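Let me begin by presenting the structure, written as structure tokens, before commenting on it.
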Amino acid sequence: MSKKIQSALISVFNKEGLESIIKLLHELHVTIYSTGGTQQFIEKLGVPVIPVEVLTGYPSILGGRVKTLHPSVFGGILGRSDNPKDVSEMKQFSIPSFDLVIVDLYPFEETVAATNDEKLIIEKIDIGGPSMIRAAAKNFNELCVVAAKKDYAQFETLLREQNGMTTVDQRKKMAALAFEIVALYDVAISKYFNTDNALYFQESTTNHKQMRYGENPHQSGMFYGTLSTLFNQLNGKELSYNNLVDVDAAIQLINEFDDSETETNASIFAIIKHTNVCGVAQRNSVKESWEAALAGDPESAFGGVLVCNNQIDKETAEAISEIFFEVLMAPKFDEDALLILKSKKNRILLQLKSDALTQNNKLYKSLLNGVLIQSTDKGNFTEWKEVGGRKTTNTEQANLVFANIICKHLKSNAIALVKNLQLIGKGCGQTSRIDALRQAIEKSKQFNFNLQGAVLASDAFFPFNDCVKMGHEVGIEAFIQPGGSVRDKDSIDYCMENKLALVMTQMRHFKH
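Numbering follows the working numbering, in which position 317 of the sequence shown is assigned residue number 297; successive positions increment by one, without gaps.
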């Protein structure tokens, strides 16, 4: 059923983009009702407007908290023209019917982001706005609702093209969008009040993006969020589902290396493949860190996601361009480096922003018709307890800290072998810890690394002493693991007997 808009109720916080709609409604001879600041805005445009107080018989009271919460307003929104009793009651109480409701809610989330003043935050909880939106959306057969500033332009186009007419299908689509907007708003308020142990799982994120496909071509995919707060895309094709997963893994890893963990101005370069680290190194220059990271596993680097904590220069860009990669991320790029890197139109280049260095506090996983929530795995170790046959050297300590970070970002069971702040062997996603170590040793041998003097990190405790034995046999003399096994003593005794360094951290880093 098509209807012509003859009367409108307008009450908005953000008036940007509203002027042209007001003028168009006036040209279409629509009667406009409004409140407070919106009413004054319309009056300044020279457009006739009826104050809501004329309907309610009450002025705006309680500092503006109560303006529209009245039967004369909500009766006009909820009345049904095909219901004789509704029509009779509206006539009895002189309630006009509305064909259009335009509302833009108080900026609650923006206020929470801008201040800790609870009084200011509470006053930005809109009451009348969501109520009018819900009422108008419920009654979509009778009227249309515009529930956010971002929809002003689209509605203006519809209004102009259809000369003030709307179809029931259009009104229903507007209603669906309006309910989403109110839900988003309510979730934000609920999360403000319920910071821990909420009874209900409530998450709401704007800015949806349809992916080409999901993890595989036969799967659909969608992303909800605002990537532009984390990075600017300087070149390349659209990020895929798998790209985003690996980009997230790369950002999580590079965030671990702050000034407390690395030498001042040291360059860290890492290569990610299927969320696992396949190469990472710390060196004095960007190019040296790239070369060392690549040397750790040049085969797996093919088609990888690359990340660096420093500016990419021309020399490094030339070296990187020798291999095929999907994504390169860095905080800055030299202009001449960009010219080289942009020579391949599909190469994805992302310039990281400072917000990319901020970790989420929670992680979510959908499973078993429900959702698992956990806090983010933050930190490297809880304590540094040396329990082996000797103390670690300064060089070993630096390598063990580095190795433990890397191990944290490998799928469990995981082992990382490090020497000279370079990943030289890794085992990940194995069903036993000893298999992860075998894989790590084989990787190091494959690329001709000498394990003499290397260190070993494990994401969880050694259940037996087989890992320290096997590691010792190939030249490893320093180990780091969380501890906590009923047989910790077996590994400790072996290290004591063989003068090997062993650090226990009391912080496990399982990753599934």
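The C-beta atom is built at its ideal place from N, Cα and C for all residues, glycine as well.
Given the structure is predicted, the values throughout are model-derived calculations rather than measurements.
Residue i versus the options, residue with shortest Cα-Cα distance
i: Lys479; options: Asn289, Lys491, Gly369; result: Gly369
i: Phe21; options: Tyr38, Phe(-7), Gly37, Thr48; result: Phe(-7)
i: Thr356; options: Asn326, Glu279, His389; result: His389
i: Gly284; options: Ala297, Glu271, Ala230; result: Ala230
i: Val148; options: Ile248, Val125, Lys406; result: Val125
i: Tyr221; options: Ser208, Gln213, Thr18, Arg192; result: Arg192
i: Val367; options: Leu42, Val83, Ala481, Gln134; result: Ala481
i: Leu100; options: Pro87, Ala299, Phe282; result: Pro87
i: Lys325; options: Ser301, Ser346, Asp226, Ile421; result: Ser301
i: Phe159; options: Lys491, Met112, Glu363, Glu453; result: Met112
i: Val32; options: Ile421, Val454, Gly56, Arg140; result: Gly56
i: Arg60; options: Gly108, Ala93, Glu122, Leu8; result: Glu122
i: Asp166; options: Met154, Lys365, Glu183, Ala155; result: Glu183
i: Phe249; options: Asn212, Gly37, Ile292, Leu397; result: Ile292
i: Asn256; options: Asp316, Lys217, Ile328, Ile386; result: Ile386
i: Thr137; options: Ser471, Leu5, Val398; result: Leu5
i: Asp228; options: Leu332, Ser265, Gly464, Gln402; result: Leu332
i: Ala115; options: Ala156, Arg140, Ala94, Thr411; result: Ala156
i: Lys358; options: Lys365, Gln190, Leu329, Glu236; result: Glu236
Three-way DSSP call (helix, strand, coil) for residue i in this model
i: Phe88; result: helix
i: His188; result: strand
i: Met112; result: helix
i: Pro306; result: Per the sequence presented here, residue 306 reads as Glu, with Pro not at that position. In this structure, Glu306 counts as strand in the three-state DSSP scheme.
i: Phe120; result: coil
i: Ile105; result: coil
i: Phe211; result: strand
i: Glu366; result: strand
i: Leu42; result: coil
i: Leu436; result: strand
i: Tyr474; result: helix
i: Val227; result: helix
i: Tyr204; result: strand
i: Ser(-18); result: coil
i: Val34; result: helix
i: Leu233; result: helix
i: Lys342; result: strand
i: Leu352; result: strand
i: Thr296; result: helix
Presumed contact (8 angstroms Cβ cut-off) between residue i and residue j, rounded CB distance
i: Ser52; j: Gly16; result: Not a contact, Cβ separation roughly 17 angstroms.
i: Gln419; j: Gly433; result: Gln419 to Gly433, Cβ: 21 angstroms. No contact.
i: Ser247; j: Gln232; result: Contact doesn't hold; Cβ gap of about 18 angstroms is too wide.
i: Asp461; j: Phe442; result: Checking the displayed sequence, the identity of residue 461 turns out to be Gln instead of Asp. With 8 angstroms as the limit, Gln461 and Phe442 qualify as a contact, their Cβ atoms being about 6 angstroms apart.
i: Gly109; j: Ser(-9); result: 7 angstroms
i: Asp79; j: Lys(-17); result: 6 angstroms
i: Asp84; j: Ala128; result: 6 angstroms
i: Tyr13; j: Leu(-11); result: 5 angstroms
i: Ser392; j: His492; result: 6 angstroms
i: Val483; j: Thr372; result: 6 angstroms
i: Phe429; j: Asp277; result: Not quite, the Cβ-Cβ distance comes to about 10 angstroms (not below 8 angstroms), so this is no contact.
i: Phe361; j: Met487; result: 5 angstroms
i: Leu501; j: Ser438; result: Because the chain in this structure spans residues -19 to 492, residue 501 falls outside the shown range and cannot be described.
Span of the beta strand (DSSP E) around residue i
i: Phe124; result: In the sequence as presented, Phe is not what sits at residue 124; that position holds Cys. Per DSSP, Cys124 belongs to the beta strand (DSSP E) from 124 to 126.
i: Ser(-9); result: -13 to -8
i: Ala396; result: 395 to 398
i: Ala178; result: Note, Ala178: premise wrong, no beta strand (DSSP E); not H, not E.
i: Lys406; result: 403 to 407
i: Leu329; result: 328 to 332
Bounding residues of the alpha helix (DSSP H) (the contiguous stretch that carries residue i)
i: Met154; result: 148 to 173
i: Gln419; result: 413 to 426
i: Phe21; result: 16 to 24
i: Phe135; result: 132 to 141
i: Phe382; result: 374 to 388
i: Ser493; result: Since the displayed the chain opens at -19 and closes at 492, residue 493 lies outside it and no answer follows.
i: Leu348; result: Run containing Leu348: none; DSSP gives neither H nor E here.
i: Leu480; result: Element bounds for Leu480: n/a, residue is neither H nor E.
i: Glu218; result: It is not in any alpha helix (DSSP H) - Glu218 carries neither H nor E in the DSSP assignment.
i: Asp316; result: 315 to 321
Residue i Cβ short of 6 angstroms to the ligand SAM heavy atom set
i: Gly16; result: In terms of ligand content, the structure shown is empty, and the ligand SAM therefore cannot be addressed.
- Task: Ignoring anything shorter than 4 residues or poking outside the segment 442 to 470, list the alpha helix (DSSP H) runs there in chain order.
- Result: 446 to 453
- At which residue ranges does the segment 51 to 84 contain complete alpha helix (DSSP H) runs of 4 or more residues, listed in the order of the chain? 51 to 58, 64 to 72
- Quick one: which unbroken beta strand (DSSP E) runs of 3-plus residues sit fully inside the segment 239 to 292? Chain order, please. 247 to 253, 256 to 263, 284 to 288
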